[in-house]
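Below is one structure; the comments refer to it alone.
Numbering (the numbering used here), first residue to last: 110 to 312.
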């Protein structure tokens with residue numbers, strides 16, 4: 110299930126300007142954090158938490174955006190100079206060098222994972238825990254809290270994940286066949302239960 114959640118958990122919402130010059134690392138991170146929050150701990154429910162994800166996950170995501178391999182959603186800046194025009198992650202990633210991507214990936218993977226403080230339904234979360242163990246644990250280990258084969262899901266913003274899932278059935282984001290089959294088998298209620306389970310993990 111690793112490839113799907115790359116699109117779900119990371120960078121559908123832009124955080125840096127595509128005109129940032131390569132090599133200015135402080136400017137790069139400051140621009141990232143204008144949407145993704147300090148150290149990538151997003152305070153916005155529609156922007157993914159990126160701090161604490163794996164280096165490979167982050168770099169793979171940015172490289173995919175460089176070739177327009179993900180849906181590129183326009184978004185306004187959330188802090189800093191909010192007067193700047195809306196942008197998207199494909200434009201942003203297109204302005205990064207390989208060195209920039211490596212440095213950003215290493216930097217944000219070294220930051221602490223800060224789970225989103227959000228409401229959840231305890232009953233749905235219990236159902237979601239069972240679904241995760243059955244269908245998702247192989248790639249998203251330790252209940253989705255480990256940065257291993259797949260990215261961390263535990264504590265990610267549920268509204269963000271719910272929105273990002275909309276791009277899968279339309280074919281705007283290709284996923285591995287195994288993941289695609291599992292998603293197709295889930296009902297809307299089961300997906301909601303999974304999202305509540307991930308939202309419930311706030312420690």
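Backbone N, C-alpha and C define an ideal beta-carbon position, used for all residues, glycine too.
_Taking the straight line between their C-alpha atoms, what separation do you get for residue 279 and residue 191?_
For the purposes of this step, residue 279 is taken as the residue at position 170 of the chain shown. For the purposes of this step, residue 191 is taken as the residue at position 82 of the chain shown. Near 31 Å, if we compare the C-alpha coordinates of residue 191 and residue 279.
>> Cutting at 7 Å between CB atoms, please list the residues of its own chain near residue 216, excluding the five before and the five after it.
In response: Stepping through the chain shown from its first residue, residue 216 is reached at position 107. Annotation for residue 216: 138 place their beta carbon closer than 7 Å to its own, counting only its chain and skipping 5 residues before and after.
- request: Could you check the C-alpha separation between residue 156 and residue 239 for me, to the nearest Å?
  value: As a position in the chain shown, residue 156 is number 47, starting the count at 1. As a position in the chain shown, residue 239 is number 130, starting the count at 1. Rounded to whole angstroms, residue 156 to residue 239 spans 27 Å at the Cα level.
Nearest-angstrom beta carbon gap, residue 160 and residue 223 [assumed within contact, 8 Å] = By one-based count along the chain shown, residue 223 stands at place 114. By one-based count along the chain shown, residue 160 stands at place 51. About 7 Å separates the two Cβ atoms, so the contact holds.
Legend entry - DSSP beta-bridge partners of residue 184: Walking along the chain shown from the start, residue 184 turns up at place 75. Paired residue(s): 196.
**Item:** Same chain, Cβ closer than 6 Å to residue 266, five either side skipped, listed in chain order
**Value:** Numbered from 1 along the chain shown, position 157 holds the residue referred to as residue 266. Hits under 6 Å: 154, 225.
Q. Is the beta carbon of residue 253 sitting closer than 8 Å to the one on residue 262?
A. On the chain shown, position 144 is the one that residue 253 refers to. On the chain shown, position 153 is the one that residue 262 refers to. The answer is yes: Cβ separation under 8 Å.
| residue 272 by DSSP, collapsed to three states: which one? | Indexing the chain shown from 1 puts residue 272 at position 163. The three-state reading of DSSP puts residue 272 in helix, counting H, G and I together.
Legend entry - Same chain, Cβ closer than 7 Å to residue 212, five either side skipped, listed in chain order: On the chain shown, residue 212 is found 103 positions in, with the first residue counted as 1. The answer, listed in chain order, is 134.
Using the Cα positions of residue 291 and residue 244, report the straight-line distance between them to the nearest angstrom.
Counted from its first residue, the chain shown places residue 291 at position 182. Counted from its first residue, the chain shown places residue 244 at position 135. Taking the straight line joining both Cα atoms gives about 7 Å.
| task | Leaving out five residues on either side along the sequence, give the residues of the same chain with a beta carbon under 6 Å from the beta carbon of residue 171. | result | Locating residue 171 in the chain shown gives position 62, counting from the first residue. Here the set comprises 202, 210.
### Task
In angstroms with no decimal places, state the Cα-to-Cα distance between residue 184 and residue 301.
Counting from 1 along the chain shown, the entry for residue 184 is found at position 75. Counting from 1 along the chain shown, the entry for residue 301 is found at position 192. Computed Cα separation, rounded: 25 Å.
> Going along the chain, which unbroken runs of the alpha helix (DSSP H) with 4 or more residues stay wholly within the stretch 276-300?
Replying inline: You should have 286-294.
#### Entry: Test item: CB-CB of residue 306 and residue 257 under 8 Å
Position 197 of the chain shown, counted from the first residue, corresponds to residue 306. Position 148 of the chain shown, counted from the first residue, corresponds to residue 257. No, the Cβ-Cβ distance between residue 306 and residue 257 is not below 8 Å.
Given a cut-off of 8 Å on the beta-carbon distance, is the pair residue 140 and residue 214 in contact? Walking along the chain shown from the start, residue 140 turns up at place 31. Walking along the chain shown from the start, residue 214 turns up at place 105. Contact: no.
Query raised in the report: Distance, Cα to Cα, residue 231 vs residue 269?
Result: Counting from one through the chain shown, the residue named residue 231 turns up at place 122. Counting from one through the chain shown, the residue named residue 269 turns up at place 160. For residue 231 and residue 269, the gap between their C-alpha atoms comes out near 19 Å.
Along the alpha helix (DSSP H) that carries residue 174, what are the first and last residues, could you check?
To locate residue 174, count along the chain shown from 1; it is residue 65. 164-175 is the extent of the alpha helix (DSSP H) around residue 174.
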